[in-house]
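2 protein chains.
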Amino acid sequence: MDLASYGPYWVLSARRVNSKLPFKLSRGSQMTRNVRNIPAFVAGYGPVRPFTGVDAVSRAITRCAVDVRTETTGRTKLLPDIVTALRECGVRDGAVLSFHHHLRNGDHVMNMVLDQAARLGLRDLKVAPSSIFPVHAPLVEHMKTGVVTGVYTGYVAGPVAEAISAGMLENPAVLQTHGGRARAIESGELTIDVAFVAAPTADDYGNINGVQGRSACGVLGYAEVDVRAARRVVVVTDNLVAYPACPAEITQDFVDFVVAVPEIGDATQIVSGSTQITEDPAGLEIARVAADIIHASGMLIDGFSFQTGAGGVSLAVAKYVEERMRSKNVRGSFAAGGVTGTIVEMLEEGLFQSIFDVQCFDLRAVRSYRENPLHQGMSASLYGNPCNRGAVVNRLDTMILGAAEVDLDFNVNVSTRSNGVLLGGSGGHADTAFGSKLAIVTTKLRAGKFAKIVENVTTVTTPGSTIDVVVTEAGVAVNPRRADLADRLATAGINVVPIARLHDLANADTQRPVSPASSGRIVALQQYRDGSVIDVLTKVASASQF
Amino acid sequence: MDLASYGPYWVLSARRVNSKLPFKLSRGSQMTRNVRNIPAFVAGYGPVRPFTGVDAVSRAITRCAVDVRTETTGRTKLLPDIVTALRECGVRDGAVLSFHHHLRNGDHVMNMVLDQAARLGLRDLKVAPSSIFPVHAPLVEHMKTGVVTGVYTGYVAGPVAEAISAGMLENPAVLQTHGGRARAIESGELTIDVAFVAAPTADDYGNINGVQGRSACGVLGYAEVDVRAARRVVVVTDNLVAYPACPAEITQDFVDFVVAVPEIGDATQIVSGSTQITEDPAGLEIARVAADIIHASGMLIDGFSFQTGAGGVSLAVAKYVEERMRSKNVRGSFAAGGVTGTIVEMLEEGLFQSIFDVQCFDLRAVRSYRENPLHQGMSASLYGNPCNRGAVVNRLDTMILGAAEVDLDFNVNVSTRSNGVLLGGSGGHADTAFGSKLAIVTTKLRAGKFAKIVENVTTVTTPGSTIDVVVTEAGVAVNPRRADLADRLATAGINVVPIARLHDLANADTQRPVSPASSGRIVALQQYRDGSVIDVLTKVASASQF
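Residue numbers (the numbering used here), protein chains in the order written: chain X, 1 to 546; chain B, 547 to 1092.
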């Protein structure tokens, strides 16, 4: 949302967590009050800078200095194994190790590295993977034994998430946005001692790419941020090729060491063969309405830019948008993402000029990125960092977002289940919601017997002031900040209703989720993209039951 | 030269400038004495770190912190003109402005910027262009008036070089190698306040490329270093395209402002239509012998890597190497450069796997870089920086170099004429000589009536310990450090002679150059790639006469 373009504007007040105050608007230039129950200091985290509004980003930042080991010989950088790499990098107790999630649920590298670190007797390590998946379950054991005592990540699902909620990590986990992670790393707020980079292809001097080899995953946008700022960089590959690896997406001048292993991951889990559009009629209807909204907003003209995720409804939105662009003969400027075959198809049809891609979601996207120069990679910083000279999200017209919960203030939760157990995190959610001129949340009213439109979201991931529209099967709610948009949608015959109405419909005849007993101990902090803390997660008795 | 691969080795002692000591070898692990006449302090430069040997590079370096202006809106970064850009960047007296030389002798941008700076009344500016050409003659006037009082560059030819030699610049000019310039910028030794980047194509948010538009110049490898480290980055373009410019070689997250102008340069001077092989029989013979030497060295096998410049003899060497690779069915790993159509042809024939290109020398190279993914761009840091994690020169087998003078210690001068007047500079000369396993200087014995093989070079640009062979029309001299190589060449029937013999032949019946009266005032310092000072240039009475 380019707030400046709205002049003096209405912003939603944030709510107190336990407040029963009715939804209301307060006039002001910023949301300046911290109204979640966020303490000033959290043990294991330190002083907390509370979220005070989406525009609190500093106008200037210092990109941190980096201590670099220089290499003036052409000698191979190959090391025999990960243990040697840990030793050569001087990893000690308390070190911060980073990883990327381009291999998703097929990644073997983080597990391999932490197993070796444990064997070496290292303790108190902090891990900073861009995301964590069920495949990383062995991390739970390292948390229990004190090998790993801190986690910084943009997204976490599976056993690690449950273990964090159950209080098994010594220090609170830090949940970042993808852009916020780039900001934290570039600014030196999060100092990486060693970045381990899973590389589908590498040469012995550290040139790597993600488009060749059995573990090809496409763009390496998250790793790009890490290698620029880490004190040491270790490439781990299962496809060591003759020098020079070409294309070199990350080049040798950013890499200290290379380790060859039999398998960096399980190819079947790295990228899906193809991402699938929903077949659920309600989902399709929501998607159709979302496309109608984009149309009605007036944005569907030449130069249109668009991003959507890989979920079934998001893909359906893309399909409907594609139809409308074709029929209106609209030539868009760019699609961004997380990219799927659906978006690739739109590029190939000429509906977009080019793609900015931080991560390929399926094989068709990998192939397109490898072969089509109009399909460009981007670093996570270029994607969403609020503290560089301008991220791609800033130029985004429309973003399609999901939600676990949305509340009366349009706040969105994608971090926890409604019972407070960690499941997910922002990823690029808060970044794209902020940047895009039209941030659309698509969601059903309920998940099973539980309402998804709630009074207060369990956890605030993305502030409501950056969400423009919520689309459900029972109608569309427009953020009161966007009266202009509400008018356009009503004129176009779209069923615009107050969010309170959606809330009532969602909550009629539903169960309230049973909240597990909480000790009140903070087990995770959800950061906003600027590094302020927008919410906290507390320990739940036994997360895995929920 | 990977010195470490030779174990304990012989190194040449450096010579005192006025010493008449005979050429000799001294055993030692390093060349540790400063033996040029280099003062410990130079006014306008400060304390001087003298050159002490090619391996004096520090094993660790800090890549400097950078103060960045953050941009969270999608608003255009277009400014109406260069004056506004200078103001918005807060340029004050004493600021350091950088420029790249990808537009070579066709560049208009540095002149435009400095004219506007002068109009604004700015004084005491330091300019840091990667190279300076005759087209930059207007800089002389800015030197006279005190608008510009300092110059940092890798190469300088034309009126600016003569003016520097004549003492018209207030502070001594600092001559760097291309890799050394990247090192100085990355380390913060040379802090750039504003990098002005001439962009053949740009969008309004700062994505740029060099492959589209009337001023297409190809790779933007020198600019890449500047934009990563500069406090502010201003793109100047004559081809403003719809967002997003694609491909984006330099992306928006590194750019503050964009200025559109009618013409960033004179296209006819930016790249030559095609680079031409020498037709001079002596030059061809030298080139043929150089190719024989590469063959005899045993390096012409699969995996061979190669770099040569754009001069007529260098291109002839490439042609002869091409013939031998084809006939021996050798598949090389990479060619690096400064790239010409001759090298592109070898890539297209499959003689090399890929190209690392810091700068395209002709139209065919520009086209290849635009269209062939195996033709990769590289930053000047990746090319030759001695203080990153490993530059491309470190992996180079053979480099073909030119020389204005070579001396009995194999030191090479490409910085001045033999009368001491500035003309040129290292560019990548010293970087590639150091990095390559076989650094071959090709030169005729004389230029006109003047000997090119001399007792002491007028100015040391590249230390003799990094030069392996000197090839002339009268025989080949091998550096005594490389007894292994001398044996191989002799076995192959190549006419190996002592360098003293070449010196005698060159100096028989030649004139000694008339040295202009020197005031002794230091007007320029020639840095080695590590930033130490390897030689100094003193003022000459009237440079333009010589």
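Just so you know, even glycine gets a beta-carbon here, dropped at the ideal spot from N, CA and C.
Bear in mind the structure is a predicted one, so any value in this text is a computation, not a measurement.
Under the rule that a run must span 4 or more residues, the alpha helix (DSSP H) segments found entirely inside the stretch 835 to 881 of chain B read 858 to 874. A residue is called buried once 16 or more other Cβ atoms fall within 10 Å of its Cβ, and K449/X, having fewer, is exposed. Within the stretch 601 to 617 of chain B, the residues whose Cβ lies closer than 9 angstroms to some Cβ of chain X are D601, V603, S604, R605, A606, I607, T608, R609, C610, A611, V612, D613, V614, R615, T616, E617, listed in chain order. The three-state reading of DSSP puts A997/B in strand, counting E and B together. Interface annotation, R935/B: in contact with chain X, CB-CB separation under 8 angstroms. Cα atoms of E349/X and R326/X: separation of roughly 9 angstroms, rounded to the nearest angstrom. Judged by DSSP secondary structure, V533/X falls outside any alpha helix (DSSP H) and instead within the beta strand (DSSP E) spanning 533 to 540. When DSSP states are grouped into helix, strand and coil, G936/B belongs to the coil group. In chain order, A282, G283, I286, K452, T472, E473 place their CB closer than 8 angstroms to the CB of K444/X, counting only its own chain and leaving out the 5 sequence neighbours on each side.
Any Cβ of chain B closer than 8 angstroms to the Cβ of N239/X would place that residue at the interface, and such an atom is absent.
The secondary-structure analysis by DSSP pairs F434/X with nothing; it has no beta-bridge partner.
Scanning its chain for C-beta atoms nearer than 8 angstroms, with the 5 sequence neighbours on each side dropped, one finds around A391/X the residues G179, S381, L382, Y383, G384, N385, D431, G435, in chain order.
Put simply, the backbone Cα of D530/X is about 21 angstroms away from that of T797/B.
Listed in chain order, the positions of the stretch 389 to 407 of chain X with a beta carbon within less than 7 angstroms of a beta carbon of chain B are R389, G390, A391, N394, R395. Taking 8 angstroms as the cut-off, the beta carbon of L537/X is found closer than this to the beta carbon of G420/X.
Excluding five sequence positions before and after H142/X, the CB atoms of its chain that fall closer than 7 angstroms to its own CB belong to L114, A118, V148, given in chain order.
Sequence-distant partners of S860/B (beyond 5 residues in either direction) whose C-beta falls short of 6 angstroms from its own C-beta, in its chain, are T854, I946. The beta-carbon distance between I1013/B and N1002/B, rounded to whole angstroms, is 15 angstroms. This is too long to meet the 8 angstroms contact definition.
Bounds of the beta strand (DSSP E) holding A477/X are 475 to 478.
With a minimum length of 3 residues, the unbroken runs of beta strand (DSSP E) contained wholly in the stretch 225 to 273 of chain X fall at 232 to 237, 257 to 260. Taking the beta carbon of V801/B as reference, the chain X residues within 9 angstroms of it are R389, G390, listed in sequence order. Not flagged as an interface residue toward chain B: L347/X, since no C-beta distance is shorter than 8 angstroms.
Within chain B, not a single residue places a beta-carbon under 8 angstroms from that of P513/X; the smallest gap is close to 35 angstroms.
At a Cβ-Cβ threshold of 8 angstroms, G759/B and T747/B count as neighbours. V773/B is the residue among C792/B, S900/B, V773/B, K690/B whose C-alpha sits nearest the C-alpha of E732/B. Counting other Cβ atoms within 10 Å of its Cβ, G90/X stays below 16 and is therefore classed as exposed.
Of all residues in the stretch 769 to 797 of chain B, only V779, A788, Y789, P790, C792, P793, A794, T797 come within less than 8 angstroms of chain X when Cβ atoms are compared, listed by chain position. Counting along the chain, the unbroken alpha helix (DSSP H) around I1045/B starts and ends at 1045 to 1053. Between I810/B and the set V801/B, A864/B, V743/B, Y866/B, the nearest pair of CA atoms involves V743/B. Annotation: Cβ neighbours of Q353/X in chain B (cutoff 8 angstroms, chain order): A788, P790, C792. Restricted to the stretch 378 to 426 of chain X, the beta strand (DSSP E) segments that are unbroken, complete and at least 3 residues in length are 398 to 401, 405 to 407, listed in chain order.
Note that the stretch 294 to 309 of chain X does not touch the stretch 253 to 271 of chain X; fewer than 3 beta-carbon pairs, one per stretch, sit closer than 8 angstroms. Around the beta carbon of S925/B, a 10 Å sphere encloses 16 or more other beta carbons of the protein chains shown; the residue is thus reported as buried. At a cut-off of 8 angstroms between beta-carbon atoms, G448/X makes no contact with chain B. For D613/B, the number of other beta carbons within 10 angstroms of its own is below 16, and it is reported as exposed. The beta carbons of A728/B and V771/B sit about 5 angstroms from each other, so the pair counts as a contact at 8 angstroms.
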